[in-house]
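Trainee: Here my numbering is used: the first residue of the sequence shown is 130, the next is one more, and so on.
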Amino acid sequence: MPQIAWIGLGNIGKVLCENLARYGPKSTRVSAWNRTHSAAEELAAQVENIDAVSSLADAVNNSDIICVCLSDDAAVKDVFSEIESKASAAVSGKLFVDLSTIHPDTASAVAERVHKLGAEYLGSPIFGGVPLAKNRQVTLVLAGPSKAISRFRPFTTGVICGQLICLPDKPCAHAFMLKLLGNFIRFSAIATLAEADAFSEIVGLPPEALEQFVGVVLQGAAVGQLQGLRSGEYHKTGKPNVPITLWNKESSHLVDIASKCGARLDMLSTVASQGDRVNENYGPGVSLLTIFGLVREQCGLPFET
Ligand SMILES: NC(=O)c1ccc[n+]([C@@H]2O[C@H](COP(=O)([O-])OP(=O)(O)OC[C@H]3O[C@@H](n4cnc5c(N)ncnc54)[C@H](OP(=O)(O)O)[C@@H]3O)[C@@H](O)[C@H]2O)c1
């Protein structure tokens with residue numbers, strides 16, 4: 130069984146790492162490294178099969194597959210630069226699986242550096258937040274060489290995720306582009322529900338009318354989404370599952386890509402600036418769902434439901 134390293138034990142990283150150790154193929158052991166070492170020690174104390182490793186080079190050198198789950202592009206660049214400079218043993222033959230949400234160009238550049246070292250790189254961003262991760266129900270997108278996908282597959286469905294979207298032999302950048310586009314659709318849908326709901330309240334439509342339409346015509350996740358927003362989950366929950374900063378990062382990547390392509394995307398511009406206003410008005414620590422409160426205030430309604 131390959132030795133696994135897990136780099137990055139933030140909100141979602143630590144949950145996925147724990148699932149890998151608990152539900153991975155028999156005898157899976159995970160060497161966990163985090164910039165702030167105490168997070169690795171705490172996780173290793175709680176979960177069998179996880180060893181806290183204090184040196185990034187040791188985590189990489191002792192493993193065959195290295196999963197990386199870091200906050201943003203700068204963090205990913207920092208960690209791969211350190212791996213290049215400090216990994217004393219050959220990195221050749223190892224597989225890096227990057228679960229961070231980053232700009233597709235960053236991923237392509239990192240993949241090139243990794244290939245020069247004789248190793249492989251899979252783009253593997255995650256759809257779904259911490260509650261879904263705890264239930265092993267997130268969706269992973271995998272793009273890269275099909276042999277690399279096969280190598281990582283035993284650690285995916287039923288272990289750290291519920292579903293896979295595989296893009297075999299496609300550039301790793303495709304996985305990150307899909308992740309950004311997917312979240313563009315999701316955030317736009319929330320913003321649209323928010324505006325429709327505020328508009329409906331202002332014009333005096335009974336609340337059940339919109340809810341019935343959403344249930345009968347849109348169905349699926351939209352029903353729970355509207356009910357959750359109306360119940361005020363965006364202002365009642367303490368620590369948000371998904372902070373607005375994640376959407377701010379993703380929308381700025383999307384705006385950058387669209388401008389490089391010369392594509393005019395009005396909806397993207399709107400939801401990117403709505404996300405920026407949520408951050409400016411209520412702070413970077415608030416939930417992405419705070420867009421519902423922002424729209425209410427912009428319509429002259431109270432922030433809270
Ligand atoms: N949270 C979600 O619901 C969710 C859902 C889907 C996708 N994602 C994506 O998954 C990734 C991880 O998310 P998260 O929620 O776990 O993030 P997070 O809680 O913000 O944790 C960030 C991790 O990156 C590390 N880090 C930051 N800068 C670093 C640097 N320069 N060098 C080394 N390590 C560094 C942090 O280490 P320290 O502990 O030392 O700060 C921490 O382990 C992100 O790209 C995010 O967009 C998150």
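For glycine and all other residues, C-beta sits at the position ideal for the given N, C-alpha and C.
Please read these numbers as outputs of a predicted model, since none were measured by experiment.
Whole angstroms are fine: how far does the CA of V176 sit from the CA of S381?
Mentor: Within the sequence shown, the letter at position 252 stands for residue 381. Within the sequence shown, the letter at position 47 stands for residue 176. The alpha-carbon atoms of S381 and V176 are separated by roughly 37 Å.
Trainee: By DSSP, does P260 sit in helix, in strand, or in coil?
Mentor: Residue numbering aside, residue 260 sits at position 131 when the sequence shown is read from its first letter. Of the three classes helix, strand and coil, the one that applies to P260 here is helix, per DSSP.
Trainee: Rounded to whole angstroms, what's the CA-CA distance from F281 to E213? Just pull it up for me.
Mentor: By 1-based counting over the sequence shown, the position of residue 281 is 152. By 1-based counting over the sequence shown, the position of residue 213 is 84. So the alpha carbons of these two residues sit roughly 22 Å apart.
Trainee: List the whole-angstrom C-beta distance separating S160 from V182, where the pair is believed to meet the contact cut-off of C-beta under 8 Å.
Mentor: Working through the sequence shown from its first residue, we reach residue 160 at position 31. Working through the sequence shown from its first residue, we reach residue 182 at position 53. Sure, about 5 Å apart at Cβ, within 8 Å.
Trainee: Relative to the alpha-carbon of C196, which residue among T366, A174, L375 and V144 has its alpha-carbon at the smallest distance?
Mentor: Here residue 196 corresponds to residue number 67 of the sequence shown, with the count starting at 1. The shortest Cα separation from C196 among T366, A174, L375 and V144 belongs to V144.
Trainee: Measure the beta-carbon distance from A248 to V220 and round it to whole angstroms, keeping in mind my assumption that it falls under 8 Å.
Mentor: As a working mapping, residue 248 is identified with position 119 in the sequence shown. As a working mapping, residue 220 is identified with position 91 in the sequence shown. Right, the Cβ-Cβ distance comes to about 5 Å (below 8 Å), so this counts as a contact.
Trainee: Rounded to the nearest angstrom, how far is the Cβ of F225 from that of Y250, given a contact under 8 Å?
Mentor: Sequence index remark: in the sequence shown, residue 225 carries index 96 (1-based). Sequence index remark: in the sequence shown, residue 250 carries index 121 (1-based). Confirmed, about 5 Å.
Trainee: When every heavy atom of ligand 1 is checked, does at least one fall within less than 7 Å of the C-beta of G367?
Mentor: As a first step, residue 367 must be located in the sequence shown, where it is residue number 238. It does not: the Cβ of G367 is nowhere closer than 7 Å to a heavy atom of ligand 1.
Trainee: Excluding sequence positions up to five away, which residues of its chain have a Cβ less than 6 Å from the Cβ of Y152?
Mentor: Translated into the one-based positions of the sequence shown, residue 152 becomes position 23. V288.
Trainee: For ligand 3, any of its heavy atoms closer than 7 Å to the Cβ of S229?
Mentor: Ligands present in the displayed structure are limited to ligand 1, and ligand 3 is not among them.
Trainee: Smallest Cα separation from L339: which of E171, Q356 and T157?
Mentor: By 1-based counting over the sequence shown, the position of residue 339 is 210. Closest by alpha carbon: Q356.
Trainee: Which residues in the same chain have their Cβ closer than 8 Å to the Cβ of P372, if we skip the five residues on either side of it in sequence?
Mentor: For this step, residue 372 is matched to residue 243 along the sequence shown. Excluding sequence neighbours, P372 sits near P413, G414, V415, S416 and L417.
Trainee: Count the other C-beta atoms from every protein chain shown that fall within 10 angstroms of the C-beta of E147, then say buried if there are 16 or more, exposed otherwise.
Mentor: Translated into positions along the sequence shown, residue 147 becomes position 18. With 16 or more Cβ atoms within 10 Å of its Cβ, E147 is classed as buried.
Trainee: Assign F328 to one of two classes, buried (16 or more other C-beta atoms within 10 Å of its C-beta) or exposed (fewer than that).
Mentor: For the purposes of this step, residue 328 is taken as the residue at position 199 of the sequence shown. The residue is exposed, with fewer than 16 neighbouring Cβ atoms inside 10 Å.
Trainee: If you follow the beta strand (DSSP E) that F225 is in, where does it begin and where does it stop?
Mentor: Mapped onto the sequence shown, residue 225 falls at position 96. First-last of the beta strand (DSSP E) with F225: L224 to D227.
Trainee: If the criterion is Cβ atoms closer than 8 Å, does the pair A188 and A277 meet it?
Mentor: Sequence index remark: in the sequence shown, residue 188 carries index 59 (1-based). Sequence index remark: in the sequence shown, residue 277 carries index 148 (1-based). No, the pair does not count as a contact, with Cβ atoms beyond the cut-off.
Trainee: Using only alpha-carbon positions, find the residue among K389, G257, L347 and A325 that is nearest to G422.
Mentor: What you label residue 422 is simply residue 293 of the sequence shown in a count that begins at 1. Out of K389, G257, L347 and A325, A325 has the C-alpha closest to the C-alpha of G422.
Trainee: Please look up how many angstroms separate the CB atoms of A169 and L138, rounded, as I've assumed it's under 8 Å.
Mentor: Within the sequence shown, residue 169 is the residue found at index 40, counting from 1. Within the sequence shown, residue 138 is the residue found at index 9, counting from 1. Correct: roughly 6 Å between the Cβ atoms.
Trainee: Quick one: which unbroken beta strand (DSSP E) runs of 3-plus residues sit fully inside the region 233-316? Chain order, please.
Mentor: Segments of the beta strand (DSSP E) lying fully in the region 233-316: 249-252, 268-273 and 292-297.
Trainee: Near H73, what residues of its chain come up, given a Cβ to Cβ distance below 6 Å and the 5 sequence neighbours on each side ignored?
Mentor: There is simply no residue 73 to check, as the chain begins at 130 and stops at 434 in what is shown.
Trainee: Can you tell which of P274, K223 and L309 has its C-alpha closest to the C-alpha of A387?
Mentor: In the sequence shown, residue 387 corresponds to position 258, counting from 1. The residue with the shortest Cα to Cα distance from A387 is L309.
Trainee: I'd like to check one pair, S275 with P297: are the Cβ atoms closer than 8 Å?
Mentor: If you number the sequence shown from 1, residue 297 lands on position 168. If you number the sequence shown from 1, residue 275 lands on position 146. Contact: yes.
Trainee: Considering only C-alpha positions, which residue in the set N312, A302, T419 and L322 is nearest to A238?
Mentor: Mapped onto the sequence shown, residue 238 falls at position 109. Checking every option, the nearest Cα to that of A238 belongs to A302.
Trainee: Using DSSP's beta-bridge definition, name the partner residues of C196.
Mentor: As a first step, residue 196 is located in the sequence shown; it is residue number 67 there, counting from the start. For C196, which the question treats as bridged, DSSP gives the partners W135 and V226.
Trainee: Give the single residue among G273, K245, G291 and G252 whose Cα lies nearest to the Cα of V267.
Mentor: Against the sequence shown, residue 267 aligns to sequence position 138. Nearest option by C-alpha distance: G291.
Trainee: Looking at L269 and L307, is the spacing between their C-beta atoms short of 8 Å?
Mentor: In the sequence shown, the residue the question calls residue 307 occupies position 178. In the sequence shown, the residue the question calls residue 269 occupies position 140. The answer is no: Cβ separation not under 8 Å.
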